[in-house]
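Right, one structure below, let's go through it.
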Amino acid sequence: MMRQHLLALALLSVLILPAAAQELKPFVGGSIKEITAARQGKPFILGMWSLTCAHCREELALLSGLLKKHPDLDLVLVATDTPEEGDAISARLQQSGLGGAQAWVFADPFVERLRFEIDPRWYGELPRTYLYDPSHKVLAFSGKPDPRQLEQWLKKYFTRH
Amino acid sequence: MSNSTIALFLAATLAVCPVLAVDHAGHEKSGAAAPAAAPTDRENVWKAKLAKPSLALTTAFDGKGRLWLASIRGRHLYVSHSDDKGTTLSAPVMVNAEPEDILGDGENRPKIVVRKGVVYVSYTKGLEKPMTGDIRFSRSLDGGRSFSAPLTVNDNREIISHRFETLEVNDRGQVFLAWLDKRDLSAAIRKGEKYSGAAVYYAVSDDGGASFQPNLKAADHSCECCRVALALDSDATPVIFWRHIFGKNERDHAMLRLDGKSSPIRVSYDRWEVDGCPHHGGALSIASDDVSHFVWFNNAPERHGLFYAHSADRGNRFSAPLNFGNFEAQAGHPHVLSLGKAVHVAWKEFDGQNSVIRGMSSADGGKSWSPSRQLAATTGASDHPLLVADGTQAYLSWNTAQEGFRLIGMGP
Chain C
1 MMRQHLLALA LLSVLILPAA AQELKPFVGG SIKEITAARQ GKPFILGMWS LTCAHCREEL
61 ALLSGLLKKH PDLDLVLVAT DTPEEGDAIS ARLQQSGLGG AQAWVFADPF VERLRFEIDP
121 RWYGELPRTY LYDPSHKVLA FSGKPDPRQL EQWLKKYFTR H
Chain A
162 MSNSTIALFL AATLAVCPVL AVDHAGHEKS GAAAPAAAPT DRENVWKAKL AKPSLALTTA
222 FDGKGRLWLA SIRGRHLYVS HSDDKGTTLS APVMVNAEPE DILGDGENRP KIVVRKGVVY
282 VSYTKGLEKP MTGDIRFSRS LDGGRSFSAP LTVNDNREII SHRFETLEVN DRGQVFLAWL
342 DKRDLSAAIR KGEKYSGAAV YYAVSDDGGA SFQPNLKAAD HSCECCRVAL ALDSDATPVI
402 FWRHIFGKNE RDHAMLRLDG KSSPIRVSYD RWEVDGCPHH GGALSIASDD VSHFVWFNNA
462 PERHGLFYAH SADRGNRFSA PLNFGNFEAQ AGHPHVLSLG KAVHVAWKEF DGQNSVIRGM
522 SSADGGKSWS PSRQLAATTG ASDHPLLVAD GTQAYLSWNT AQEGFRLIGM GP
């Protein structure tokens, strides 16, 4: 029992710790509409990742590299972890050089609905990357995308540093 | 304990801790050079994940038609039973007296098998580092009134991944466990070598689960975090079915008869090349006439969705895979169960509002199938669907956050 109490305390302390600098938005039903509506007519990359997925670390490194080359790239990152892990998510993004990207975290246990709103053809595999062109036609990738393919797509819409 | 008590319990835990573990327990990889969060951060993340309530609830019938349930509450595994198909449940009995971090997210779930009055359970215990675990086993010799102190089945005790175990027991009282194991990856990393994926290991007990023989390796280079399926053939020999890494990176499916001399056989040729983790394993059922029935998920550009195939000759030849389920509705997590010539398949879809379990059945050993039909639905979080049989009837076994546990007949 004692250990459980300690665990509960540890969890509480995570919840009441001051928020990291990067705002982490709760991703719930309707969030994807909010994301796309704010980018009408504009291209962007939506990257789904998780703290517990090593391939996602490679993905974050790849996206960070792209952001250095194309500083005007609009990058939206959604962690499929939980809001309780917010500090670790922000820390990982900072370490990956992605502290400036818009960051969200899944905040609804009904993950099937969240996935469906993003893409009915996404089955939860990670990482998952979506390239939205200006008309919001979407290219989707499961697993770490091919850097050359990403670069080709980026050249069409973003200036190169 | 009644269904409503379980529902209340779930509601209470959800209220205290409103977010369930998302099903993405990933995997580490050799030589990953990307900067990691400080170890303490990662460990705290892991602890936070482990502390979340799990909907993973596994059921099995014994030979007398009694339904047995294994589920996780806090840091304990509990077993209860029901004599009225799950309407009323016995008081749950705690399996592990010492608290442990029992994995019940994604493809992790406790296992339960009841043979000749003995209740066998297994689970994966999460260790202090993220994505690590030990395979644990316990049994009850007094009809589920008490359980033996759990023992660790993997004989490699590094703090690495030994996870996604599966359990079967034959009528001779031999106990079989198979799981995904990263000891070979760990050894390769120490030697500065590369090793793709994980390995499949298994253990056999010839004394009813009192002790296990040394671990044996079934195969190198499995995919890392998809559940392993295990079934017994007509000789009571275990057969496993798992997502393997073929060639450079084709994450297709393989089967292996664990007779000590067979070689792995490739079952699927969908050729999904993905540098990622599907979290999406298949299922296997072997009928009394020795026909093996397989279901799996793949997401290759050309061949994607759910597939069914059978083999009447232990993997020499397979039927042409049947693609089923609505690919536009997240059709996933299929399960299969055979009862003689009858074969039942269940899977999960999402229709835009509800998570729906759909099913289809065959009366001729998988040659022809009924149209698919909806078996159950929920408007909240839910477990993967399971199929169980009481010897004559097949049932869908499904746990949901809103409705609690349900057992639903599959019909004839």
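From first to last, the protein sequence lines stand for chains C and A.
Taking the working numbering, I'd label the letters of the first sequence as residues 1 to 161.
Taking the working numbering, I'd label the letters of the second sequence as residues 162 to 573.
Glycine included, each C-beta is placed from N, C-alpha and C at the ideal position.
Since we're looking at a predicted model, the values are computed, not measured.
Chain C within 8 angstroms of residue i, Cβ atoms only
i, result
"A/Gly358", "no"
"A/Ala258", "no"
"A/Ala562", "yes"
"A/Gln535", "no"
"A/Asp368", "no"
"A/His237", "no"
"A/Gln491", "yes"
"A/Gly437", "yes"
"A/Met292", "yes"
"A/Ala349", "no"
"A/Asn460", "yes"
"A/Ala217", "no"
"A/Ala542", "yes"
"A/Gly513", "yes"
"A/Phe485", "no"
"A/His188", "A caution first: A/His188 carries a pLDDT of 38, below 50, which makes its placement in the model too unreliable to give a value."
Sub-8 angstroms separation of residue i and residue j beta-carbons
i, j, result
"A/Leu467", "A/Gly247", "no"
"A/Ser558", "A/Thr249", "no"
"A/Val361", "A/Ser347", "no"
"C/His70", "C/Leu154", "yes"
"C/Gly47", "C/Leu63", "yes"
"A/Leu548", "A/His494", "no"
"C/Ser96", "C/Leu60", "yes"
"A/Gly486", "A/Glu510", "yes"
"A/Leu341", "A/Tyr363", "no"
"C/Thr52", "A/Pro439", "no"
"A/Arg464", "A/Asp431", "yes"
"A/Ser543", "A/Ser522", "no"
"A/Val280", "A/Arg297", "no"
"A/Gly520", "A/Ala538", "no"
"A/Phe325", "A/Arg427", "no"
Test: residue i CB closer than 8 angstroms to a CB of chain A
i, result
"C/Lys25", "no"
"C/Arg115", "yes"
"C/Thr52", "yes"
"C/Lys155", "no"
"C/Glu112", "yes"
"C/Ser142", "yes"
"C/Leu46", "no"
"C/Leu150", "no"
"C/Ser30", "It is worth fixing the name first, because residue 30 of chain C is Gly in this sequence and not Ser. Not an interface residue."
"C/Gly124", "yes"
"C/Pro120", "yes"
"C/Pro109", "yes"
"C/Pro43", "no"
Length of the line joining the Cα atoms of residue i and residue j
i, j, result
"A/Glu434", "A/Asp303", "48 angstroms"
"A/Ala176", "C/Val111", "Annotation note: pLDDT 35 at A/Ala176 (below 50); position unreliable, coordinate value reported separately. One C-alpha to the other measures close to 17 angstroms."
"A/Ser243", "C/Leu126", "38 angstroms"
"C/Tyr157", "C/Tyr132", "10 angstroms"
"A/Asn103", "A/Ser372", "For chain A, the structure presents residues 162 to 573; residue 103 of chain A sits outside this window and is missing."
"A/Val497", "C/Thr80", "29 angstroms"
"A/Ala390", "A/Val336", "15 angstroms"
"A/Asp394", "A/Ser449", "8 angstroms"
"A/His545", "C/Arg160", "46 angstroms"
"A/Asn410", "A/Arg404", "11 angstroms"
"A/Gly437", "C/Glu58", "10 angstroms"
"A/Thr398", "A/Lys272", "19 angstroms"
"C/Ala37", "A/Asp381", "47 angstroms"
"A/Arg227", "A/Val274", "12 angstroms"
"A/Lys343", "C/Ser135", "45 angstroms"
"A/Leu312", "C/Pro147", "46 angstroms"
"A/Gln554", "C/Asp87", "49 angstroms"
"A/Ala339", "A/Arg351", "25 angstroms"
"A/Gln491", "C/Phe116", "7 angstroms"
"A/Asp512", "C/Trp49", "24 angstroms"
"A/Pro532", "A/Ala503", "15 angstroms"
"A/Arg270", "A/Phe222", "17 angstroms"
Exercise for the section: Inspect the CB distances between the stretch 120 to 131 of chain C and the stretch 98 to 109 of chain C and report whether three or more fall short of 8 angstroms. Expected result: Flag = no, the stretch 120 to 131 of chain C and the stretch 98 to 109 of chain C do not touch.
Practice task
Decide yes or no for the touch test of the stretch 452 to 462 of chain A against the stretch 487 to 502 of chain A: beta carbon pairs closer than 8 angstroms, at least 3 of them.
Solution key: As far as the Cβ criterion goes, the stretch 452 to 462 of chain A touches the stretch 487 to 502 of chain A, which means the pair count is three or higher.
Problem - Complete beta strand (DSSP E) runs within the stretch 309 to 389 of chain A (minimum length 3 residues, chain order) - result: Taking 3 residues as the shortest admissible run, the stretch 309 to 389 of chain A contains the following complete beta strand (DSSP E) segments, listed from N- to C-terminal end: 323 to 330, 336 to 342, 359 to 366 and 377 to 383.
Handout entry: Three CB pairs or more closer than 8 angstroms across the stretch 248 to 267 of chain A and the stretch 275 to 287 of chain A
Key = The count of Cβ pairs closer than 8 angstroms, one atom from the stretch 248 to 267 of chain A and one from the stretch 275 to 287 of chain A, reaches three, so the stretches are in contact.
Practice task
Just list the beta strand (DSSP E) runs in the stretch 391 to 421 of chain A, keeping only unbroken ones of 3 residues or longer that don't cross its boundaries, in chain order.
Solution key: Counting only runs of 3 or more, we get 399 to 407 and 411 to 418.
Practice task
Run through the stretch 73 to 150 of chain C for me and flag every whole alpha helix (DSSP H) of 4 or more residues, listed as ranges in chain order.
Solution key: The stretch 73 to 150 of chain C contains these whole alpha helix (DSSP H) runs: 86 to 95 and 111 to 118.
Exercise for the section: Jot down the residue ranges of each uninterrupted beta strand (DSSP E) in the stretch 416 to 469 of chain A, minimum 3 residues, whole runs only, in chain order. Expected result: Along the stretch 416 to 469 of chain A, the beta strand (DSSP E) occurs as fully enclosed runs of 3 or more residues at 444 to 447 and 453 to 460, listed in sequence order.
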